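In full-length UniProt numbering, the protein residues as written are 1 to 326.
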Ligand SMILES: [Zn+2]
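Here it is in structure tokens:
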């Protein structure tokens, strides 16, 4: 059988775009996008994506191994599955992105960026998800899930955490249980829409969606995949539609976003060091950022920072502030 990661890195599709194995059907829909369908009826349609940021290698390798097991028949497939290697040119360049960050472009926001491989790819992935969920629904797989796998660039006080997109409906208890079993230390609840892949699938297809940050990125082959054993087991349980293992260790911490720090003026200054760890706490009153006409201070007794980055473009987010959810 072919190896999805090898074909994606080489930019060559399999010799045939579709194929049948004794236990499943597969279809290569586009570069790095593979659909797997079990022979027996199933109720779930699952999208697993990695490499939306090309240098976040560990989840790409994890997903590739999972697909290899499914194709080899050593692991049973009991869901409709769409596997997405997000940004192949940036994977080949071992860079987060080539022109612009794809994970700001979904939900049609690609139209606001100068045209590039990434705007084209974001649009293509939107179409492929629409097609996948439509055909899965027609076959009876009506429960929709999307987990978008990442690793953080910076260090973090919580090594593994999930980011839940803002959505008006409650997040499903079933997904929250799965996230517990995946060994995440924390969950972050967004309070506003965004251009992420997981926000797109939640908003447009009402999927149970989450962005997973699974540790720190290292070059291909350099990852200690042992660090990822809990998420690996949880993904295996997901695609085989069996209950995930009980959670090991302490319960997850739940954080609510309370401030989006936006860089809106040229004189914007962020008073959080560029190397601050994610989830570092700041006390009430602390001046987080200032620019003409607007300052950001810690409003709650304590707030923790996520993804601080003073070097974003105008109008973009330079950081998020969170509090523990009550
Ligand atoms: Zn990422």
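Backbone N, C-alpha and C define an ideal beta-carbon position, used for all residues, glycine too.
Fair warning: this is a prediction, and the values are worked out from it, not measured in the lab.
Checklist line | Beta-carbon spacing of residue 24, residue 5 below 8 Å | finding: Taking 8 Å as the cut-off, the Cβ atoms of residue 24 and residue 5 do not count as close.
Next item on the list: Would you check if the segment 206-224 and the segment 147-161 touch, i.e. whether three or more CB-CB distances between them fall below 8 Å?
Entry: Output reads yes: the segment 206-224 touches the segment 147-161.
Next item on the list: Could you tell me if residue 152 is buried or exposed, where buried requires 16 or more neighbouring beta carbons within 10 angstroms of its beta carbon?
Entry: Burial call: buried.
Next item on the list: Measure the Cβ-Cβ separation of residue 13 and residue 27 and say whether it is below 8 Å.
Entry: The Cβ atoms of residue 13 and residue 27 lie no closer than 8 Å to each other.
Item checked: beta-carbon residue 254 near ligand 1 non-hydrogen atom, thresh 7 Å -> For ligand 1, not one heavy atom lies less than 7 Å from the Cβ of residue 254.
Checklist line | Integer-rounded CB distance, given that residue 48 should sit under 8 Å from residue 63 | finding: Between residue 48 and residue 63 the Cβ distance is about 6 Å, and since that is below 8 Å, they are a contact.
Checklist line | Meets three-Cβ-pair contact criterion under 8 Å: the segment 87-106 and the segment 167-174 | finding: Using a C-beta cut-off of 8 Å, the segment 87-106 makes no contact with the segment 167-174, since fewer than three inter-stretch Cβ pairs fall below that distance.
Check: DSSP three-state call for residue 64: helix, strand or coil?
Finding: Residue state, collapsed to three classes: helix.
Note to self: Quick check: is any heavy atom of ligand 1 less than 7 Å from the C-beta of residue 290?
What the structure shows: Set against 7 Å, the gap from the CB of residue 290 to the closest heavy atom of ligand 1 is not smaller.
Item checked: Assigned exposure category for residue 232 - 16 Cβ within 10 Å defines buried -> With 16 or more Cβ atoms within 10 Å of its Cβ, residue 232 is classed as buried.
Notebook entry, point to check: What are the boundary residues of the alpha helix (DSSP H) that residue 118 is part of?
Noted result: Residues 117-138.
Item checked: Backbone CA spacing between residue 330 and residue 46 [nearest angstrom] -> This structure does not reach residue 330, given that the chain is present from 1 up to 326, and the question cannot be answered.
Notebook entry, point to check: Can the beta-carbon of residue 192 be found closer than 8 Å to that of residue 277?
Noted result: Contact: no.
Note to self: Using the Cβ count rule (16 or more neighbours within 10 Å means buried), how would you classify residue 287?
What the structure shows: Residue 287 comes out exposed.
Note to self: Please tell me whether residue 196 and residue 85 are closer than 8 Å, where the distance is taken between their beta carbons.
What the structure shows: Cβ distance not < 8 Å, so residue 196 and residue 85 don't count as in contact.
Notebook entry, point to check: Start and end of the beta strand (DSSP E) containing residue 196?
Noted result: Counting along the chain, residue 196 falls outside any beta strand (DSSP E), and DSSP gives it neither H nor E.
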